[in-house]
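Colleague: Sending over a structure as structure tokens; questions will come in a sec.
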Amino acid sequence: MRTKRMLTALAALGLAAAIGGGWWWQFAAKTQQLVADSLPVVPDMSATPLTLREKITAAEAQAHTRLGARPGLSKLSRLYHANGFLSEAGRCYECLAQLEPAEPRWLHFQASILAGYGELDRALALWRRVVALAPDYLPAQIRLGDCELKSNRPADATATYTKLLQRDPDNSYALLGLARLDYEAERWAKAQERLETVVTQTNYTLGYDLIVTLYERNGQSQRALEIRGAHKASGAYRDPPDPWLDAMMDVCFDPYRLALAAGIMARNGAGVQAVHLLERAVELAPDDVAVRFQLGTLSVVQGNFPAARSQLERCTQLAPDFADGWAQLSALLAQLGEPTAAAQILATGLDRCPQSPGLHLMRARALQQAGLSQEAIGAFRESIRLRPNEAEAYIELANYFINLGQTEEGVPLLRQALEAEPGNPMALGILTFHAITTGDESSALRWFSRVRNQPRVPAEQVEKLRAAFLEQFGHVLR
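To convert, take the position in the sequence shown, counting from 1, and add 9; that gives my numbering.
Here it is in structure tokens:
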């Protein structure tokens, strides 16, 4: 009897497994059919790297199988998105969102594509779902707020940014969003307060254009001019770091896209990831000088001098007429304690690029250090002649004259520096100090007012000027 019961139980289990297996097989078949119906037509990829074409072919083949339909579609979506085939990626995400409605990434990726196309209402609906599914993922909240702002939903945007700031009080993107809302509502004082916080936090990489416009509107034209001169930025809005989207670059095979993404990552403090992307870009395009130069200069910043030297040397070999390659390599060799090699590279660079203002400026510095005054002055003047719209060479030559006791030669150059770059903090500081030391109180007051309006002048320099003014004129500089 016991054996019979066991056999009956085993038979029941087998029947249940068979039914379950049959149901799963049918479900897999339905998934396969849904994926097959949703697959985009493969675009023209004749200009893409062979590796990308092979990976897309493999992912497409996997997506047509019963067991690999969903993972194949997932691979295909990332390959299309990372390499700029956005409409194809969007079609994949629509299907993936049906298959996995609780996965916020598919909605987030699809919304980012739609927002780029200007389809804000559709993107907005998707980002609201993302925030509901992943409330801890702050980049989605920033994008939601930005989308609400662009869609003329100020109350919704305010609520989204405010909620984000409750979780991350120093979030510059949320502060900028609220400042933009204040600006549009003509709450000028509050907009200025928030914008000044944003530009301080980000060194003017966010909020640049808006705060300059606000200062001009408020009649603070001199302050606006100082900022424009000191920060030659585009003012373009930069997307916040987005780890979900950034991870997609691991399957990008476009050197230009990799280099662009690496630049954004480096600015956002993700230097290691940026180097990884640039190394992949170099592998894909070994003769691309721009990519190698970007990798070399980033390696210098990170202290990886052997890698930097290798990349910069290769730049000079691939593009002998690329002056920046010679300049950066010479500077690196000097930093490494190889002055003879640095001088040789600089001389070779000038021979190959005789019209480079930067190389002439480097030569002027070397001649100045060697005590060759007339030769140094000539090199400074040649750099100015070749690039008259930048302040650096004017200021260095002015300082050289002042140190030589030829103040009458130096001061006009500082004024020229301010014509080239209004608000240059170094030129303003030197002119203020010169006015103080020569006893010209009215000029000192005038220059100091410009120093005070220039946020890039270090606070300690401002205090030194105040102290010098007090010592010279006997009263406090306000």
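Even glycine gets a Cβ: it sits at the ideal position worked out from N, Cα and C.
(1) Can you tell me where the alpha helix (DSSP H) with residue 403 in it begins and where it stops?
(2) I'd like to know whether the C-beta atoms of residue 200 and residue 183 end up nearer to each other than 8 Å.
(3) My output table needs one value for residue 130: the three-state DSSP class, helix, strand or coil.
(4) Just to check my reading of the structure: residue 316 and residue 308 have Cβ atoms closer than 8 Å, yes? What is that Cβ distance to the nearest angstrom?
(5) Note down, in chain order, each residue of its chain lying with its Cβ closer than 6 Å to the Cβ of residue 181, except the 5 sequence neighbours on either side.
(6) What did DSSP end up calling residue 50 once you bin it into helix, strand or coil?
(7) Kindly indicate the opening and closing residues of the alpha helix (DSSP H) around residue 75.
(8) What do you reckon, are the CB atoms on residue 493 and residue 143 nearer than 8 Å?
(9) Can you find the residues in the same chain that come closer than 7 Å, C-beta to C-beta, to residue 376, ignoring five residues on each side of it along the sequence?
(10) Which term fits residue 484, buried or exposed, when burial requires 16 or more other beta carbons within 10 angstroms of its beta carbon?
(11) Take residue 372 and list the residues in its own chain whose beta-carbon comes closer than 7 Å to its own, dropping the five residues that flank it on each side.
(12) I'd like the list of long-range same chain contacts for residue 296, defined as Cβ closer than 8 Å, with 5 residues on each side in sequence excluded.
(13) From this set, 263, 257 and 302, which residue's C-alpha is nearest residue 282's C-alpha?
(14) Kindly list the residues whose CB is nearer than 7 Å to the CB of residue 228, restricted to its own chain and excluding five residues on each side of it in sequence; keep chain order.
(15) Report all residues from its chain with a CB closer than 6 Å to the CB of residue 404; omit the five preceding and five following residues, and keep chain order.
(16) Jot down the residue ranges of each uninterrupted beta strand (DSSP E) in the segment 421 to 474, minimum 3 residues, whole runs only, in chain order.
(17) If you follow the alpha helix (DSSP H) that residue 283 is part of, which residue opens it and which one closes it?
(18) Counting Cβ pairs, one atom from each stretch, are 3 or more of them under 8 Å apart for the segment 152 to 161 and the segment 123 to 130?
(19) Are the CB atoms of residue 293 and residue 271 within a distance shorter than 8 Å?
(20) Does DSSP classify residue 80 as helix, strand or coil?
(21) May I have the straight-line CA-CA distance separating residue 417 from residue 374, to the nearest angstrom?
(22) Pick from 466, 464, 446 and 311: whose alpha carbon is nearest that of residue 479?
(23) Is it the case that the Cβ atoms of residue 97 and residue 52 are separated by a distance below 8 Å?
(24) By how many angstroms is the C-alpha of residue 57 removed from the C-alpha of residue 83?
(25) Short of 7 Å in beta carbon distance, which residues of its chain neighbour residue 398, apart from the five on each side in sequence? Order them along the chain.
(26) If you count every other CB in all the chains shown that lies within 10 Å of the CB of residue 344, and 16 or more means buried, which is it?
(27) Using only CA atoms, which one of 378, 339, 368 and 253 lies nearest to residue 90?
(28) Roughly how far, in whole angstroms, is the beta-carbon of residue 412 from the beta-carbon of residue 263, given that I think they are within contact range, below 8 Å?
(29) Given residue 149, which residues of its chain have a CB within under 8 Å of its CB, disregarding the five upstream and five downstream residues?
(30) Taking 8 Å as the threshold (C-beta atoms), are residue 265 and residue 223 in contact?
(31) Rounded to whole angstroms, what's the CA-CA distance from residue 268 to residue 274? Just pull it up for me.
(32) Would you tell me roughly how many angstroms separate the C-alpha atoms of residue 242 and residue 349, rounded to the nearest one?
(33) Check whether the Cβ of residue 253 lies closer than 8 Å to any Cβ atom in chain C.
(34) If I'm right that residue 342 touches residue 351 with Cβ under 8 Å, what's the distance once you round it to whole angstroms?
Modeller: Taking the definition as stated:
(1) Sequence index remark: in the sequence shown, residue 403 carries index 394 (1-based). First-last of the alpha helix (DSSP H) with residue 403: 401 to 412.
(2) Stepping through the sequence shown from its first residue, residue 200 is reached at position 191. Stepping through the sequence shown from its first residue, residue 183 is reached at position 174. Cβ atoms of residue 200 and residue 183: not closer than 8 Å.
(3) The count along the sequence shown starts at 1 and reaches residue 130 at position 121. Note: residue 130 maps to helix in three-state DSSP.
(4) Translated into positions along the sequence shown, residue 316 becomes position 307. Translated into positions along the sequence shown, residue 308 becomes position 299. The Cβ separation is near 4 Å, so the contact holds.
(5) The residue you call residue 181 lines up with position 172 of the sequence shown. If we look at residue 181 and ignore the five residues flanking it on each side, its Cβ neighbours are 207, 210, 211 and 215.
(6) What you label residue 50 is simply residue 41 of the sequence shown in a count that begins at 1. Secondary structure of residue 50 (DSSP, three-state): coil.
(7) If you number the sequence shown from 1, residue 75 lands on position 66. Neither: residue 75 is in no alpha helix (DSSP H) and is coded neither H nor E.
(8) Because the chain spans 10 through 487 in this model, residue 493 falls outside it and cannot be assessed.
(9) Numbered from 1 along the sequence shown, position 367 holds the residue referred to as residue 376. Excluding residues within five positions, the ones whose Cβ falls inside 7 Å are 384, 385 and 388.
(10) If you number the sequence shown from 1, residue 484 lands on position 475. With fewer than 16 other Cβ atoms within 10 Å, it is exposed.
(11) Here the question's residue 372 lines up with position 363 in the sequence shown. These residues qualify, in order along the chain: 355, 359 and 388.
(12) By one-based count along the sequence shown, residue 296 stands at place 287. 327, listed in sequence order.
(13) For the purposes of this step, residue 282 is taken as residue 273 along the sequence shown, with counting starting at 1. Per the Cα distances, 257.
(14) As a first step, residue 228 must be located in the sequence shown, where it is residue number 219. Excluding positions up to five away in sequence, the list is empty.
(15) Stepping through the sequence shown from its first residue, residue 404 is reached at position 395. If we look at residue 404 and ignore the five residues flanking it on each side, its Cβ neighbours are 426, 435 and 436.
(16) none
(17) Residue numbering aside, residue 283 sits at position 274 when the sequence shown is read from its first letter. Run containing residue 283: 280 to 293, per the alpha helix (DSSP H) assignment.
(18) Result yes; three or more Cβ-Cβ pairs closer than 8 Å.
(19) Against the sequence shown, residue 271 aligns to sequence position 262. Against the sequence shown, residue 293 aligns to sequence position 284. In this structure, residue 293 does not lie closer than 8 Å to residue 271 by Cβ.
(20) Translated into positions along the sequence shown, residue 80 becomes position 71. Here residue 80 sits in helix by DSSP.
(21) In the sequence shown, counting from the first residue as 1, residue 417 sits at position 408. In the sequence shown, counting from the first residue as 1, residue 374 sits at position 365. Cα-Cα distance, rounded: 21 Å.
(22) Position 470 of the sequence shown, counted from the first residue, corresponds to residue 479. The residue with the shortest Cα to Cα distance from residue 479 is 446.
(23) Residue numbering aside, residue 97 sits at position 88 when the sequence shown is read from its first letter. Residue numbering aside, residue 52 sits at position 43 when the sequence shown is read from its first letter. Yes. Within cutoff.
(24) For the purposes of this step, residue 83 is taken as the residue at position 74 of the sequence shown. For the purposes of this step, residue 57 is taken as the residue at position 48 of the sequence shown. Each residue's alpha carbon lies about 20 Å from the other.
(25) In the sequence shown, residue 398 corresponds to position 389, counting from 1. The residues are 429.
(26) Reading the sequence shown from its first residue, position 335 is the one you call residue 344. That one is exposed.
(27) Here residue 90 is taken as the residue at index 81 of the sequence shown, counted from 1. Of the candidates 378, 339, 368 and 253, the one whose C-alpha sits nearest the C-alpha of residue 90 is 253.
(28) Position 403 of the sequence shown, counting from 1, holds the residue named residue 412. Position 254 of the sequence shown, counting from 1, holds the residue named residue 263. Wrong, their Cβ atoms sit about 50 Å apart, outside the cutoff.
(29) In the sequence shown, counting from the first residue as 1, residue 149 sits at position 140. Answer for residue 149: 113, 117, 136, 139, 140 and 143, listed in chain order.
(30) As a first step, residue 223 must be located in the sequence shown, where it is residue number 214. As a first step, residue 265 must be located in the sequence shown, where it is residue number 256. Taking 8 Å as the Cβ cut-off, residue 223 and residue 265 do not qualify as a contacting pair.
(31) Counted from its first residue, the sequence shown places residue 268 at position 259. Counted from its first residue, the sequence shown places residue 274 at position 265. Taking the straight line from one Cα to the other gives about 10 Å.
(32) Position 233 of the sequence shown, counted from the start, is the residue given in the question as residue 242. Position 340 of the sequence shown, counted from the start, is the residue given in the question as residue 349. Only weak support exists for where residue 242 lies, its pLDDT of 48 falling under 50; the value from the coordinates is given anyway. Going by the C-alpha atoms only, they are around 37 Å apart.
(33) This model lacks chain C altogether, as it is built from one protein chain only.
(34) Residue 342 sits at position 333 when you count from the first residue of the sequence shown. Residue 351 sits at position 342 when you count from the first residue of the sequence shown. Indeed, because the Cβ distance is near 4 Å, the residues count as touching under 8 Å.
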